[in-house]
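Undergrad: Numbering (the numbering used here), first residue to last: 1293 to 1680. C-beta: ideal position from N, C-alpha, C; glycine also.
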Amino acid sequence: MFPASVRGMNLMRLSLSMRVCAIHQSFTTFRLSMNLEHVVCVRCEESFDSREKIVNSNGELWHSQCFTCCQCFQPFPDGVFYEFDGRRYCEHDFQVLFAPCCGKCNEFIIGRVIKAMNASWHPSCFRCRVCSTELADMGFMKHGNEALCHGCFAGVKAAARGKHMCYKCHQIIEDGPLKFRGELYHPYHFNCNACGIELTSDAREVASRPGYTSQDVNELYCLRCHDKMGIPICGACHRPIEERVVTALGKNWHVEHFVCARCEKPFMGNRHYEKRGLAYCETHYHMLFGNLCYVCNQVIAGDVFTCMNKAWCADHFACFMCDQKLNTKSKFYEYDLKPACKKCYEKLPTELRRRLKKMHDEQARRSGGSPVQYTPTPSAVAVAPESP
C-alpha cells in the first residue's frame, strides 16, 4: 500500500547528474582541491581524494562507490533513482516497496496515482465501465463495484426504471422518445424540417428517398408533412417504409416484414411462392400445395411426373417390375395402376395381356373412343396395351 505521506504526490523520475572532477595542474584545480579538504561524502563521511570521481546529486557529494540504492546497495541503472524520505532507491526496489499496483492492468504506478474504489489506478486505466471515458479529471459515480461517468450513471438509473436517456440533454425521457439517427431524444429538441412545428414522438425520420435532395433526407418531419411525401406504407405493420421496399402481392413491405405465411421467416430477397394472396417459402409451399411422390412419400420440389392419378419424383419414376428409370421420352404400359416398361410388359402371359388390352379398350370407349394415354409432367406417355 502506498505510504500515507506519499498519497496524492507526483513521484518524479530524477535523472542522476554525475560530475567527474579530473585534477589538472592549474590554479582552478588547485582551488578545487583546497575546497575539498573540508568536504566529506554524505554516506561514509570520509574525505575525497583529489583524483577520484565525485558524484554531485542535488548539491550533495558522494563517492561513486557510495552512491548506491539504499535497499540493494547496487549502482543505479542508467543513473536513475527515486528519492523518498531522504533515501534513494533504484526503480525496482522503489516499486516493490512503495509503488501501488493498478487495479486494472496490475502494473506498478509511477507518477500520478488515482485512489478510488478501494484501489489505485493509472489515470489512463481509470475509465467509465460503459463508455470508456477517462474519469481522472471529470469525476465519477459509483454503481455497485463499477465506476461510471455522470452521463452513463444517469442512463443506468433510467434503464432500471424502464426509461430512456436523452442523447442531447442526458436527462430521463419520461414520455415517448424520438429516435433520430440511431439515438433517442426528447421530441421537443427538434422541429419539423418542412413546417417548423415542434415535434412529438410520432415524428418520422426520412433516411433516404428518391427525388429528394441531400438536405431533405436524414431529417425529421411531423406526421402530416411526412404523409405528403408519398412514402409507401408497409402491408404488415402499416408504418411508412423509409428504406428498402419489397413489392409483392400488390402491396409494399419492409424487408423484414415480408415473411412466409406458414413459418413467418423473412424471405430476405430469396424466392417466394404466391398462393391465394399469401406468400410461402419453397419448403412450405411444396408441403402445403405440392405433390407427394407415390414411392418415397416426400414433397416433390423438382420435376413432377404425373399419370394414373399419381405423382412421382424424378428419382422414383421407374418400371415397378425391373426398377429401370423412366424419363420424359420413355413409353410405358399401365399394369395394376403402375408403370411397366415395354420389355417387362411383354414378358407377361399372353392371356393376361389380352385381358388388359380389352380393359383398356373399354376404358377408351367410355372416355370418348380415344386410346387411353397419360401425359406426365414434363411429359411421359403411358401406352395402351397392344393385342397379343
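Look at the alpha carbon of residue 1540 and the alpha carbon of residue 1397, and state the distance between them as a whole number of angstroms.
TA: Straight-line Cα distance between these residues: approximately 57 Å.
Undergrad: Alpha carbon to alpha carbon, how far is residue 1376 from residue 1368?
TA: One C-alpha to the other measures close to 15 Å.
Undergrad: With the cut-off set at 9 Å, would you say residue 1608 and residue 1591 are in Cβ contact?
TA: Not closer than 9 Å, so no.
Undergrad: Would you identify the three-state DSSP class for residue 1642, choosing helix, strand or coil?
TA: Reduced to three states, the DSSP call for residue 1642 is helix.
Undergrad: Would the stretch 1532-1539 count as touching the stretch 1512-1523 if we require 3 or more Cβ pairs under 8 Å?
TA: Yes: the two stretches touch, three or more of their Cβ pairs being nearer than 8 Å.
Undergrad: Do residue 1647 and residue 1638 count as a contact pair if the criterion is CB distance below 9 Å?
TA: The answer is no: Cβ separation not under 9 Å.
Undergrad: Could you name the residues of the same chain whose beta carbon sits closer than 6 Å to that of residue 1361, not counting the 5 residues immediately before and after it, in chain order?
TA: Answer for residue 1361: 1381, 1382, 1385, listed in chain order.
Undergrad: Give the DSSP-derived three-state secondary structure of residue 1475 in the structure shown.
TA: If DSSP states are grouped into helix, strand and coil, residue 1475 belongs with the strands.
Undergrad: Do residue 1610 and residue 1617 count as a contact pair if the criterion is CB distance below 9 Å?
TA: Cβ distance < 9 Å, so residue 1617 and residue 1610 count as in contact.
Undergrad: In terms of DSSP beta bridges, what is residue 1490 paired with?
TA: 1483, per the DSSP bridge assignment.
Undergrad: Compare the C-alpha of residue 1547 against each of 1371, 1538, 1443, 1636 and name the closest.
TA: Of the candidates 1371, 1538, 1443, 1636, the one whose C-alpha sits nearest the C-alpha of residue 1547 is 1538.
Undergrad: Let me know the beta strand (DSSP E) ranges lying completely inside the stretch 1324-1379, each 3 residues or longer, listed in chain order.
TA: Here the runs fully enclosed are 1346-1349, 1352-1355, 1372-1376.
Undergrad: What do you get for residue 1472, buried or exposed, if any count of 16 or more other CB atoms within 10 angstroms of its CB means buried?
TA: Buried: at least 16 other Cβ atoms inside 10 Å.
Undergrad: When the Cα atoms are used, what is the spatial distance from residue 1468 to residue 1393?
TA: Each residue's Cα considered, the two are about 47 Å apart.
Undergrad: Can you name the start and end residues of the beta strand (DSSP E) that residue 1393 belongs to?
TA: Premise fails: residue 1393 is in no beta strand (DSSP E) and is neither H nor E.
Undergrad: Pull the bridge partners of residue 1437 from the DSSP assignment, please.
TA: Looking at the DSSP assignment, residue 1437 forms no beta bridge with any residue, so it has no partner.
Undergrad: Around the Cβ of residue 1560, are there at least 16 other Cβ atoms within 10 angstroms (buried) or fewer (exposed)?
TA: Exposed, since its Cβ has fewer than 16 Cβ neighbours within 10 Å.
Undergrad: How about residue 1619 and residue 1598: are their beta carbons less than 9 Å apart?
TA: No, the Cβ-Cβ distance between residue 1619 and residue 1598 is not below 9 Å.
Undergrad: Classify residue 1480: buried if its beta carbon has 16 or more other beta carbons within 10 angstroms, exposed otherwise.
TA: The residue in question, residue 1480, is exposed, as its Cβ has fewer than 16 Cβ neighbours within 10 Å.
Undergrad: For the alpha helix (DSSP H) that contains residue 1574, what are its first and last residues?
TA: Counting along the chain, the alpha helix (DSSP H) containing residue 1574 begins and ends at 1574-1581.
Undergrad: Who are the Cβ neighbours of residue 1324 in its own chain at under 6 Å, not counting the five residues just before and after it?
TA: With a pLDDT of only 45 at residue 1324, under the threshold of 50, the placement of this residue in the model should not be trusted; the figure read from the coordinates follows. None.
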